[in-house]
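Which chain is which? The protein sequence lines are A and B, in order. Just so you know, our numbering puts the end of the first sequence at 749, numbered straight through with nothing missing. Just so you know, our numbering puts the end of the second sequence at 916, numbered straight through with nothing missing. Only one structure is covered here, and it is reproduced in the block below.
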Amino acid sequence: MKIVGEKYARSDGVVKVRGEALYTTDLQFPGMLFGAIFRSPVAAGRILHLDISAAENSPGVHKIITASDAPRHRHGLVVDDEQIFTSSDITYAGEPIAAIAATSLAEALAALKKIRIEIDEITPIVDLHEAIDPKCRLIHQGWKDFGAPEELFRSNNIVGQMVYDDGDVDKILNGSDFVIENEFVAGRQYQAYMEPKGVVASYENGRFTVHVSHQFPFNVRDRLAKALGIKSSAIRVVGHHIGGGFGGKLDLGIEPFACVLAKSTGRPVKLIQSRAEDMATCPVRENAIIHLRTGVNRDGQIIATDMDVIMDAGAAAGDTPYLSSIPLFLAGAPYKSGRTRVRCRVVYTNTPSTGAFRGVSGTYINFAVERQMDEIAKVIGMDRRQLRLKNLLHDGDCFLNGQVLSDASILDEAFALVESRAPWTTTGKGKLRGVGIAAAVWLTNPLPGSATMKLNEDGTLGLITAATENGSGAVAMGLRQIAAQEFGLEPDDVLISMPDTDVAGYDAGSQGSRTTHVVGRAIQEASIELRSKIISVAAEVLEALPGDIEIVDGQVGVAGVPASRIPLSSIAIAAKSMAGPLVATGSYRTPAPEYNHQCATGLLFTTFPTLTYHVHLAEVEVDPATGNTTVLRYIVAQEVGKVVNPDGVRGQIQGGVAQGLGYVLYENLDIGTDGKYRQKTLEAYRLPIAGDIPEVEIMLLEHPDLAGPHGVRGVAEPPIVPVAAAIANAISDAIGAPLNTIPVRPIDVLDGIRWAQEVHPDRQV
Amino acid sequence: MKLSLTVNGRQESLDVEVGTSLLHVLREQLGLTGTKEGCAEGECGACTVLRDGKPIDSCIMAAHACEQSEITTIEVIGDSPDHPSELQNCLVESGGIQCGFCTPGFVMVLTALLKVNAAPTDAEIKHALAGNICRCTGYAQIIEAVIATAKTHQ
């Protein structure tokens, strides 16, 4: 029976379509209180006076907690620059100062308004160039004392920097036929998961139970342990359905507030963020500035590259120190960069902190690299696609870290596939129409996972894992089908537990498309053991040699004797009076590829394992009256290794392109001089709706990865990576003007049209 | 203040504070958590229910404005837990569901659409969905599910 590669409906489809799936926001517990967080109204300053007395006497209030009665350990994912509550320095608007638990949410919110605070306000630092200046006021006075890895090379407001240098880059640049220099700017993008962040925590017998809709329950456990100053085994994190995450629900969020309130009241406390609070305070994709100089020969060969990136960490580092490594990989892929220097600095500002969002910094680094390719082509008078093919990586070429890409020639195949669907020379022609192309190389996150499998007494399979189903289908389709395939069962006969850190082995969460690849492999490891146990019981029951036993379509029998087959249920029942219940476990972590350890300083993210390859093409039409862009066609060629479920793969690509389209055309959190976002509601923050998104034309390549289950590579994260570049290149082509800022707003398009008419008055627009 | 309305065919008589949203009454007072709150500002459509057959954003609908109205929520779409509606089946089959948080709202809007237009075009479906945001799917498989549902009725 072939299950992997086939269309099967997802296991949670019916409960979701009926509204029966419970998310954290739906949970109710006896005696439950409701929490709310009192946050700083300003972005920078010092608390002079805090008065909670009126709020404490407000109806329904059980408890108000401030820094004075909460744990004050410094904590953070990479740098220990966070505290549960601040008691004096304010580093961003929305920084938590107090938390309230009340009988109802309305009472908690009413009490919130009665807290009085006096703040000695100072002008927030929101500009990256200002923040990075060594003479700038420090965002964190005590930054030197924060716990952090030494290799971050922190100084003043710089919380991490990565430097790579081949040497002589300036010399080669100066000697090249052409030097193309551009600056690219990217704004912040909000994940806009449909379920705002929430948590329900309780405290009993010296342990916390924390209910979440989180992509990475074990990270919640470990980060909470550090924030609360307790051992991680004193925390149990229970996962529920997740209303979207896209990277935004990977790090610790508002869980500590619910925990301190639960402990101090002795009641379960539910804390759900409003959309406005979620938008204003949660880590979003960072804004950045990318300065790029490229030296090119007359024949189109790139011989030198100098990339300088400044990323905005906001007021806390979060995971951004890891992201400073991404430019190293993308500066030299998918195109050879020649002699190269890459510097990336991550900088504190008085703004809400930034963090992971699908594709992370890859989205805008790819934008810079691919926009630059179009600008190079224009300057040297070469076809844009030809220039790309000329500089494309091939089998055996390396990333700048020295890691070999053994199968990079897949990129050629992907370019050819796109060409077969939309011939370059005839696509995007016509007044105010344009075509753009962009390619990318991406990784599959290698972090560890595990699976426990048991053969149930009715012949079904139990799968216990802390892998999380964030909606992608990686668990509800991918893992279920991989597990079913191992025993020839129907996917409906695989029952998967919800994540629970007390129950399942460690799992590194739904990030970087890792679940199907890594946990799928762990399932295969567990299946080897479980099959061997089944066979040894079956050999006794069937009075045959273990070597002669086979498992076929959910049955066990002697090979070559179909009449001997008995159902798996009878083996599970027999095992209870023989070796005992049939349970097995498996673990996996992708081995790190070899690389040059001396290649760079500050490299926290050292390799790109389990590679995937991507070519995207966009055809657009621009409205010269409004500056609006319509994406007429969007084509994706993507290397996936092996399709596990075609509907799942398609949903990830269609959905990833939609988020990329929103990123480049509409979405932006503008930071005001007050350090706050100008967009305060979903209405102001324009998300793509059904009418905005074309049906993506998808062409898949399936070159199996040798380590992946059935050859599977990661699928879900990368479809967003080249989208901003492909669409911006198409708009630039349509109007004849460079567009080097994300998002490309209608006003930018109109300005571009005007600029093009001034520069090329003879060009018809 | 008293509020009388019909929810999913049941007459309900409730004591509701003035200014309370219909969504709050449904979720917190009647325990109907299938209807979701995504934004509380009438932007995302996750809270969509039917009032007298027409889709509304329950998060910005004052409960008392629904006095004597007939409210239908996701909980009664389909015949029974084992028998979802044709549209619901098609959404599951097409892969039009990912995280599922927006899904009840889409089901309500599309159920109302199919009632007045049994065979909507692609453009008509997109128009009907202008008030519903799905962050996961990019919409294509949702639209396909509607077209597939319409085909089963032909």
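Glycine is no exception: its CB is placed at the ideal position from the N, C-alpha and C atoms.
Ignore the nearest five residues each way along the sequence and tell me which others in residue i's own chain have a CB closer than 6 Å to its CB.
i              : result
T585 (chain A) : V147
L401 (chain A) : A621, M683
E679 (chain A) : none
A51 (chain A)  : F69, S71
H600 (chain A) : A422, V620, P706, A710
K660 (chain A) : A77
D161 (chain A) : N281, R282
G695 (chain A) : G625, K626, P688, D689
Y647 (chain A) : Q173, A708
P551 (chain A) : G443, Q539
Let me know if residue i comes out buried or exposed under the rule of 16 or more other beta-carbons within 10 Å of its beta-carbon.
i              : result
D844 (chain B) : exposed
G692 (chain A) : buried
R697 (chain A) : buried
D442 (chain A) : exposed
R100 (chain A) : exposed
T409 (chain A) : exposed
R368 (chain A) : buried
A890 (chain B) : buried
G159 (chain A) : exposed
R251 (chain A) : buried
E453 (chain A) : buried
A54 (chain A)  : buried
I731 (chain A) : exposed
K759 (chain A) : Outside the displayed span of chain A (-15 to 749) sits residue 759 (chain A), for which this structure offers no information.
N429 (chain A) : buried
P118 (chain A) : exposed
V268 (chain A) : buried
Give me whichever residues DSSP pairs with residue i in a beta bridge.
i              : result
V648 (chain A) : DSSP output for V648 (chain A) lists no bridge partner at all.
I518 (chain A) : The partner list for I518 (chain A) (beta bridge, DSSP) is empty, contrary to what the question assumes.
F22 (chain A)  : A:A82
W127 (chain A) : Beta-bridge pairing links W127 (chain A) to no other residue.
E603 (chain A) : A:V419, A:R617
A435 (chain A) : A:G570
For residue i, which residues of its own chain have a beta-carbon under 7 Å away from its beta-carbon, when the five flanking residues on both sides are left out?
i              : result
P846 (chain B) : G840
T8 (chain A)   : G182, V183, V184, H195, V196, S197, H224
S216 (chain A) : R205, D206, A209
C861 (chain B) : C898
Report the neighbours of residue i on chain B: residues whose CB is nearer than 7 Å to its CB, in chain order.
i              : result
N454 (chain A) : C861
V244 (chain A) : Correct list: empty, because the minimum Cβ distance to chain B is about 25 Å.
From which residue to which residue does the alpha helix (DSSP H) around residue i run?
i              : result
C243 (chain A) : 239 to 249
E403 (chain A) : 394 to 405
Y618 (chain A) : Element bounds for Y618 (chain A): not the alpha helix (DSSP H) but the beta strand (DSSP E), 613 to 623.
T304 (chain A) : 304 to 307
L734 (chain A) : 730 to 743
H915 (chain B) : 902 to 915
V425 (chain A) : It is not in any alpha helix (DSSP H) - V425 (chain A) instead sits in the beta strand (DSSP E) that spans 417 to 426.
Anything in chain B within Cβ reach of residue i, meaning under 8 Å, just list it in chain order.
i              : result
E179 (chain A) : K798, G800, C861, F863
K660 (chain A) : The premise fails here: K660 (chain A) is roughly 18 Å from chain B at the closest Cβ pair, so nothing lies under 8 Å.
V628 (chain A) : Within chain B, no residue comes near V628 (chain A); the closest Cβ sits about 13 Å away, beyond 8 Å.
Residues of chain B with CB under 9 Å from residue i, in chain order?
i              : result
L671 (chain A) : E805, C806, I895, R897
Q638 (chain A) : T899, G900, Y901, A902, Q903
I'd like the list of long-range same chain contacts for residue i, defined as Cβ closer than 8 Å, with 5 residues on each side in sequence excluded.
i              : result
R23 (chain A)  : A77, G78, E79, P80, I81, E261, T265
L416 (chain A) : E605, V606, D607, P608, A718, I719, V749
E779 (chain B) : M763
Y167 (chain A) : For clarity, residue 167 (chain A) is Glu in the given sequence; the question names Tyr instead. If we look at E167 (chain A) and ignore the five residues flanking it on each side, its Cβ neighbours are I273, I274, H275, L276, N724.
L136 (chain A) : V62, V63, V143, G144, Q145, P305, G586, L588
Strictly below 8 Å CB to CB, what residues from chain A border residue i?
i              : result
I836 (chain B) : R2, G3
I need the boundaries of the beta strand (DSSP E) containing residue i, first residue and last residue.
i              : result
E188 (chain A) : 182 to 188
M357 (chain A) : Counting along the chain, M357 (chain A) falls outside any beta strand (DSSP E), though it belongs to the alpha helix (DSSP H) covering 346 to 364.
M870 (chain B) : From DSSP, M870 (chain B) is part of no beta strand (DSSP E) but of the alpha helix (DSSP H) over 865 to 878.
Q199 (chain A) : Counting along the chain, Q199 (chain A) falls outside any beta strand (DSSP E), and DSSP gives it neither H nor E.
H33 (chain A)  : 29 to 35
Consider the Cβ of residue i: report whether some Cβ of chain D lies at a distance smaller than 8 Å.
i              : result
L876 (chain B) : No chain D is present in this structure, whose protein chains are A and B.
Show which residues of chain A have a CB atom less than 9 Å away from the CB atom of residue i.
i              : result
V869 (chain B) : V1, R2, G3
V854 (chain B) : A(-7), R(-6), G(-3), V(-2), K0, V1
L788 (chain B) : The contacting residues do not exist; L788 (chain B) stays about 11 Å from chain A at best.
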